[in-house]
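Using the UniProt record's numbering, the first residue of the sequence shown is number 362, and each one after it goes up by one.
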Amino acid sequence: SEMATMMNISVTEIISACMSLGMMVTMNQRLDAETLTIVAEEFGYEVEFVDAEVEEAIELSEDKEEDLEPRAPIVTVMGHVDHGKTSLLDYIRKANVIGGESGGITQHIGAYSVTLANKQKITFLDTPGHEAFTAMRARGAQVTDIVIIVIAADDSIMPQTKEAISHAQAAGVPIVFAINKIDKPTANPDKVKEELAQMNILVEDWGGKVQSHDISAKVGTGVDDLLEKVMLEAELLELKANPNKNALGTVVEALLDKGKGYVSTILVEAGTLKIGDYILAGKHSGKVKAMHDERGNPLKKAGPSTPVSILGLDGAPQAGDKFRVFDDEREAKQIAAKRDQLQREQSVRTQRHITLDEIGRRIALGDFKELNIILKGDVDGSVEALTDSLQKLSTEEIQVNIIHKGVGAITESDVLLASASDAIIIGFNVRPSGNARALADKEEIDIRNYSIIYKVIDEIKDAMEGMLSPEM
Ligand code: GDP
């Protein structure tokens, strides 16, 4: 109704425009940015967004170059099930003992930090797998600097290995491969590297630039060298942060402890967090009452790339929520309350993602340059054939990207990747699993099922032509 007033047209016209987009709305409903833009366009208006008061209040100030100091890399371990992700994280956790301190890391707080022999530090996110990685990314939080992908040398590149590679590549995060289980007599690291080469990923031993190291997560062989390679990769990234300001970062996990109250693990990305600081995390706020590291040691402050478990928030924020320290307690509380209200108002709908039918409209807005596709099929032959044909549809204006392809059913992980990368999913003779279907409905991801190759090509081509000659 507000929009109708602004454009001086009737509310019914707006409602029917929304219906033509497949949205049943009432006159008091809030529309998301994309819908607002599309609907306004229909009536010849252009939308200009003024940042919501809430987000404006937490606008970040730019750091000056001289204030930046090097920070430790933040690493996620991914790979196929049973290839050794947990074993690697466990080995590193146990083997690395901070200078003189006895006893490894006893607590699981969702992230831990280790100090190497040369005093360099690495922070690990302790939830292996790409689901957590991509779920965070879907929420707009990209905390990982480097990904270690574990591949068992007595096995081959498996579907989840491919997924992990796609997820890391889609996020633009460098990969270091850990070819694991070399203690096994059946291990054949060369076969794995050959398979990687077939995927156009050339590791160093094969004359390429991608780092990889043969390890045994069980015995510990090569793990030190692997971590050294991670540090080499980190040096190239020149990771820096300003430690001398109010802390900000991302929530890794949060839970309600019966005795302690809400316990949240947060990763400080910049600034320094101190006891007594007032923080806002997602739609929760509170004063930091206590702070502990992964060894259960109490801390008074925590700088960039440090994971800490804190007490004091008035609720459990979600993994991937951003947090930030406020000088003014009242301001943090107000923003938390406002976010809570906005979320309740919007809970009827989630963010709308791209659908094939919508592509023509989007290009008319001039913001559509890439069509991201996730392709799943029943046999390798058809997946390859489709990849080829779809990529050939790219034009100067619109690039068709197959961001992930594979043989097998459409999984939840595919849906998460689609959500994080604003992609559509094409299933060729395969269907989504029940869970994937439910998640796709929730996230509003467009899943298209086909059984004839030329139909896929025709529909994508039609949609792309729609993009190029929008009905004005
Ligand atoms: P995840 O599913 O990727 O987290 O894999 P796990 O770390 O749980 O490992 C799966 C299985 O492989 C477990 O039984 C491990 O003990 C075993 N495993 C992991 N790494 C190695 C290794 O380097 N050598 C051997 N022999 N076994 C390993």
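Ideal Cβ placement from N, Cα and C applies to all residues, glycine included.
Predicted, not measured: the structure shown is a model, and the values here were computed from it.
Cα-Cα separation, residue i to residue j
i, j, result
"F404", "E555", "57 Å"
"I459", "K635", "Its pLDDT being 48, under 50, I459 is placed unreliably in this model, and the value from its coordinates should be taken loosely. So the two alpha carbons sit approximately 21 Å from each other."
"Q468", "K590", "27 Å"
"G738", "I808", "13 Å"
"E426", "L598", "15 Å"
"H765", "F485", "25 Å"
"I787", "T396", "24 Å"
"R656", "A797", "37 Å"
"E596", "K570", "15 Å"
"E565", "D586", "14 Å"
"H645", "G620", "19 Å"
"N549", "A558", "15 Å"
"A433", "A680", "21 Å"
"A770", "D424", "46 Å"
"V791", "V442", "22 Å"
"A746", "E630", "43 Å"
"G369", "Q702", "The amino acid at residue 369 is misidentified as Gly; the sequence shows Asn. Those two C-alpha atoms are separated by around 28 Å."
"H653", "P665", "15 Å"
"I759", "I785", "15 Å"
"P520", "S774", "11 Å"
Whole-angstrom C-beta distance between residue j and residue i, which should lie under 8 Å
i, j, result
"D506", "I435", "5 Å"
"G490", "K446", "7 Å"
"V553", "L609", "V553 to L609, Cβ: 39 Å. No contact."
"A781", "T398", "So it is not a contact: roughly 21 Å between Cβ atoms."
"I509", "V438", "5 Å"
"D682", "G643", "3 Å"
"L641", "A677", "Contact flag wrong, Cβ pair sits at about 14 Å."
"R498", "A532", "6 Å"
"H444", "D516", "7 Å"
"A539", "V511", "5 Å"
"I806", "A824", "Actually they are not in contact, since the Cβ atoms of I806 and A824 sit about 16 Å apart, beyond 8 Å."
"Y639", "E690", "5 Å"
"T626", "G471", "4 Å"
"L751", "V776", "That belief does not hold up - the Cβ atoms of L751 and V776 are roughly 19 Å apart, past 8 Å."
Under the three-state DSSP convention, the category residue i falls into
i, result
"K554", "helix"
"L732", "strand"
"A799", "helix"
"K816", "helix"
"M560", "coil"
"Y406", "coil"
"P520", "helix"
"M380", "helix"
"S474", "strand"
"T495", "helix"
"V584", "helix"
"L754", "coil"
"G440", "strand"
"V613", "strand"
"I696", "helix"
"I483", "strand"
"A532", "helix"
"G681", "coil"
"I821", "helix"
"E596", "helix"
"residue 303", "What the structure shows of the chain is the stretch from 362 to 833, and residue 303 is not part of that stretch, so it cannot be assessed."
Of the residues the options, the one placed nearest residue i, counting alpha carbons only
i, options, result
"D749", "G620, G738, I763 and E758", "I763"
"I453", "A365, V475 and V386", "V475"
"I735", "R432, I509, E524 and D544", "E524"
"A602", "A784, G533, Y473 and L429", "L429"
"F789", "I818, V624, A499 and E758", "I818"
"V612", "L563, I671 and V584", "I671"
"T716", "D783, G767 and T772", "D783"
"A456", "V584, L777, M560 and G440", "V584"
"N607", "L588, V624 and G632", "G632"
"K822", "V776, I771, I785 and L754", "L754"
"L674", "L703, E692, V776 and L617", "L617"
"V504", "N658, T547 and D487", "D487"
"I526", "L450, K662 and M560", "M560"
"M364", "Y406, M385, T522 and K699", "Y406"
Those residues which DSSP pairs with residue i across a bridge
i, result
"A539", "V511 and H574"
"Q760", "E731"
"H645", "A642"
"H765", "I735"
"Y811", "F789"
"P659", "H653"
"V686", "I640"
"V629", "G610 and T667"
Proximity test, residue i beta-carbon vs the ligand FAD heavy atom, cut-off 7 Å
i, result
"N541", "No copy of the ligand FAD appears in this structure; the ligands present are the ligand GDP."
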